[in-house]
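Residue numbers (the working numbering), protein chains in the order written: chain A, 1 to 136; chain B, 1 to 500.
What follows is the structure, encoded as structure tokens:
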């Protein structure tokens with residue numbers, strides 16, 4: 001699709017949407033949001049970019065294949081699930097740092113679980129959409 | 001007793017799958033990870049078994065939320081026995097699939113999905129929360145859809161559509177049942193349900209809800225009248241996949257039925273009669289179906305259906321001895337049925353076909369492999385002292401005590417038909433000469449030695465396990481007796497989960 005407006009807009013929307021997806025990811029523990037929605041928003045940012053500039057160009061921005069995000073994300077989530085077992089607690093127990101970190105707030109193992117979900121969602125959505133759009 | 005490590009078998013397979021995803025398209029690395037991961041999984045499962053065997057029921061409250069509010073995982077003797085059996089079967093299948101599967105299928109993620117499937121099975125056996133059980137069922141069926149369609153041949157897709165439609169229907173029934181159960185009791189924890197269900201005023205509704213579970217689990221374990229998806233889909237995927245499905249997936253349905261009908265719904269006369277009628281019809285239809293099939297894998301598929309009826313009959317009689325028989329049969333069946341489909345895969349490599357009419361002369365060419373296979377076939381038929389014989393004693397004994405003479409007759413009939421079709425298969429595949437004008441396509445003879453070993457070794461491992469079950473029946477009977485006691489008297493289970 002060749003449209004000057006869309007191309008210009010998507011160039012600015014990409015960072016803004018990514019930032020918004022991060023915001024959704026971080027607030028997800030107590031408020032609406034979380035890894036799944038954040039991941040969807042982030043992948044929409046890339047999909048929009050690929051509409052305007054073509055899938056090949058979006059792949060160039062990403063550098064790595066989106067498929068490789070799936071095992072990384074799953075790995076982070078799975079590790080955050082088993083991490084409490086090292087501390088002698090049942091799996092999936094939330095471990096929290098004592099002090100809040102500026103801007104982000106409290107950090108715990110739940111955040112890493114969400115980051116894993118975030119990466120898996122981006123990986124899955126982009127793999128599916130890029131496979132479809134590269135085939136035609 | 002609380003033990004935070006009871007989910008270890010689940011995690012082993014989860015991490016095996018994740019590491020394999022990292023090595024996407026590197027099939028040789030994936031094979032090593034798969035076999036290694038399954039071996040570690042087996043060792044972990046055995047450790048868990050010995051711990052539960054010595055120390056009694058272990059529980060784990062996920063996320064440290066106390067039961068009944070959080071999700072609880074429970075390892076009682078039935079669960080860990082099935083976890084160990086699943087691990088043995090998974091170990092054998094992963095060895096077999098590392099040589100018995102085309103590279104094309106491996107490229108599209110056979111091994112990671114296989115491990116996700118095994119993870120789902122372990123999770124389903126270990127969970128103590130009925131909704132979590134549903135979630136693990138979903139993990140199992142989604143993985144099995146992928147395994148079934150991997151390769152994308154037309155016949156496979158046709159089988160997969162039937163499989164998928166029926167399994168989604170089963171899940172819907174199961175989920176509806178859970179919904180009603182939650183509506184009338186307000187809890188999903190199975191131990192908590194077991195005594196809250198007694199306080200429900202409207203016991204008719206409880207009875208109807210239990211029928212939802214019978215239908216849901218009945219479809220999954222291929223019970224009459226909704227068994228037909230099984231024989232029409234299990235012969236399409238590669239043998240390694242069919243072995244996992246045939247050995248393990250239907251048995252999850254039986255496990256769920258044992259769990260739900262011992263813990264939550266105590267079978268009354270109506271449920272017992274219903275289960276008995278279903279069991280009898282399942283045995284009969286399975287046996288009749290097996291009689292007329294000439295494709296080996298279709299024949300085995302009908303035998304699965306037939307033998308599910310034996311276990312259902314055990315549940316239907318619902319007494320300690322009957323449940324001992326059902327549990328022992330379950331133990332024997334997982335090992336043998338997995339092996340049968342692996343054998344079908346070996347035969348296909350030896351001859352290029354699975355049609356009995358086109359097969360022949362295997363005994364003359366491969367006497368050692370044939371004798372190994374004969375051992376497994378004898379166990380399936382139940383020649384004493386092999387493993388298929390012992391559970392039937394308990395089933396007969398209880399059927400006579402309860403005057404279920406019709407079931408005794410059907411049991412004898414089912415065993416007899418099994419004997420007949422297996423004897424027919426043996427004479428056609430192994431003794432008969434190769435039919436004229438049939439070209440043999442022997443891939444096995446030209447294989448490297450390590451491939452030959454990798455192909456026959458899993459059959460040997462499972463045959464050894466079967467032989468162990470048969471010859472060491474005394475200890476298996478003891479374990480089945482303990483399991484049956486735990487199923488009849490659920491107080492230790494409830495106390496382990498909820499405290500006093």
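Just so it is clear, CB atoms sit at the ideal spot from N, CA and C, and this is done for glycine as well.
Predicted model, so just to flag it, every value in this text is computed and none were measured.
Against residue 5/B, what residues of chain A qualify as contacts under a CB-to-CB distance less than 8 Å, listed in chain order?
Neighbours of residue 5/B on chain A, chain order: 85.
Let me know if residue 11/A comes out buried or exposed under the rule of 16 or more other beta-carbons within 10 Å of its beta-carbon.
Classification for residue 11/A: exposed.
Does DSSP classify residue 244/B as helix, strand or coil?
If DSSP states are grouped into helix, strand and coil, residue 244/B belongs with the helices.
For the alpha helix (DSSP H) that contains residue 95/A, what are its first and last residues?
It is not in any alpha helix (DSSP H) - residue 95/A carries neither H nor E in the DSSP assignment.
Have a look at 45/A, 33/A, 44/A, 86/A and flag the residue whose alpha-carbon is nearest the alpha-carbon of residue 111/A.
Cα-wise, what sits closest to residue 111/A is 33/A.
Would a C-beta distance cut-off of 9 Å place residue 323/B and residue 487/B closer than the cut-off?
Yes, the Cβ-Cβ distance between residue 323/B and residue 487/B is below 9 Å.
Looking at residue 68/B: is its Cβ nearer than 9 Å to the Cβ of residue 236/B?
No, they are not a contact pair.
With a threshold of 9 Å between beta-carbons, can residue 93/A be considered close to chain B, or not?
So, interface residue.
What residue does the beta strand (DSSP E) around residue 543/B start on, and which one ends it?
Nothing can be reported for residue 543/B, as the shown portion of chain B is limited to 1 through 500.
Please tell me whether residue 93/B and residue 119/B are closer than 9 Å, where the distance is taken between their beta carbons.
Not a contact, by the Cβ cut-off of 9 Å.
Using a Cβ distance threshold of 8 Å, determine whether the segment 33-48 of chain A contacts the segment 111-131 of chain A, with at least three qualifying pairs required.
Touching, yes.
Can you check DSSP and say which residues form a bridge with residue 442/B?
Answer is none; residue 442/B lacks a bridge partner.
Compute the distance between the beta-carbons of residue 589/B and residue 110/B, then report whether it is under 9 Å.
Nothing in the structure corresponds to residue 589/B, since chain B is present only between 1 and 500.
Is it true that the CB of residue 268/B sits closer than 9 Å to the CB of residue 190/B?
Their beta carbons are not under 9 Å apart, which means residue 190/B does not touch residue 268/B by this criterion.
Of all the alpha helix (DSSP H) runs that stay within the bounds of the segment 440-499 of chain B, which reach a length of 4 or more residues?
With a minimum length of 4 residues, the continuous alpha helix (DSSP H) runs that stay inside the segment 440-499 of chain B are 449-471, 473-488, 491-498.
Okay, do the segment 307-325 of chain B and the segment 343-352 of chain B touch, 3+ Cβ pairs below 8 Å being the bar?
The segment 307-325 of chain B, when compared against the segment 343-352 of chain B, does not touch it at the 8 Å Cβ threshold.
Starting from the beta carbon of residue 194/B, find every residue of chain A whose beta carbon is closer than 9 Å, and list them in chain order.
Within 9 Å Cβ-Cβ: nothing; residue 194/B doesn't reach chain A, min ~22 Å.
State yes or no: is the C-beta of residue 344/B within less than 9 Å of the C-beta of residue 239/B?
Yes, they are a contact pair.
From 27/B, 465/B, 483/B, 179/B, pick the residue whose C-alpha is nearest to that of residue 259/B; which is it?
That would be 483/B, whose Cα lies nearest to the Cα of residue 259/B.
Residue 78/A versus chain B: which residues are under 8 Å apart at the beta carbon?
Going along chain B in sequence order, the residues near residue 78/A (Cβ under 8 Å) are 11, 14, 15, 18.
How about the segment 273-291 of chain B and the segment 212-225 of chain B: do they share at least three Cβ pairs that are nearer than 8 Å?
Yes: at least three Cβ pairs fall under 8 Å.
Between residue 385/B and residue 77/B, what straight-line distance do the alpha-carbon atoms span, to the nearest angstrom?
Cα to Cα, residue 385/B sits roughly 25 Å from residue 77/B.
Look at the Cβ atom of residue 254/B, then the Cβ atom of residue 209/B, and state whether they are nearer than 9 Å.
It is not a contact, given that the beta carbons lie outside the stated cut-off.
Which class does residue 360/B belong to by DSSP, given the choice of helix, strand or coil?
Coil, per DSSP.
Would you mind stating whether residue 513/B and residue 492/B have Cβ atoms separated by less than 9 Å?
Nothing in the structure corresponds to residue 513/B, since chain B is present only between 1 and 500.
Name the residues in the segment 127-154 of chain B whose C-beta lies less than 7 Å from a C-beta of chain A; which are they?
Listed by position, the residues of the segment 127-154 of chain B near chain A (Cβ gap below 7 Å) amount to none.
Can you tell me where the alpha helix (DSSP H) with residue 324/B in it begins and where it stops?
First-last of the alpha helix (DSSP H) with residue 324/B: 320-351.
Name, going along the chain, the residues of the segment 18-43 of chain B whose beta-carbon falls closer than 7 Å to a beta-carbon of chain A.
Correct list: 18, 21, 22, 24.
Kindly give me the distance between the Cβ atoms of residue 6/B and residue 126/B, rounded to whole angstroms, as I take these residues to be in contact under 8 Å.
Between residue 126/B and residue 6/B the Cβ distance is about 6 Å, and since that is below 8 Å, they are a contact.
Using 10 angstroms around the beta-carbon of residue 455/B, count the other beta-carbons present and answer buried if the total reaches 16, otherwise exposed.
Flag for residue 455/B reads buried.
Express the C-alpha separation of residue 327/B and residue 379/B in angstroms, rounding to a whole number.
If you take the alpha carbons of residue 379/B and residue 327/B, they lie about 16 Å apart.
Kindly confirm or deny that the segment 84-93 of chain B and the segment 25-42 of chain B touch, where touching means at least three C-beta pairs closer than 8 Å.
Yes, the segment 84-93 of chain B touches the segment 25-42 of chain B.
Under 9 Å between the Cβ atoms of residue 174/B and residue 228/B?
Contact flag unset, no.
First and last residue of the alpha helix (DSSP H) that includes residue 311/B?
Unbroken alpha helix (DSSP H) run through residue 311/B: 296-317.
Determine which residues of the segment 43-64 of chain B have a Cβ less than 9 Å from any Cβ of chain A, and write them out in chain order.
Result list: 60, 61, 62, 63, 64.
If you reduce the DSSP assignment to three classes, tell me which class residue 55/A lands in.
Residue 55/A falls in the helix class under three-state DSSP.
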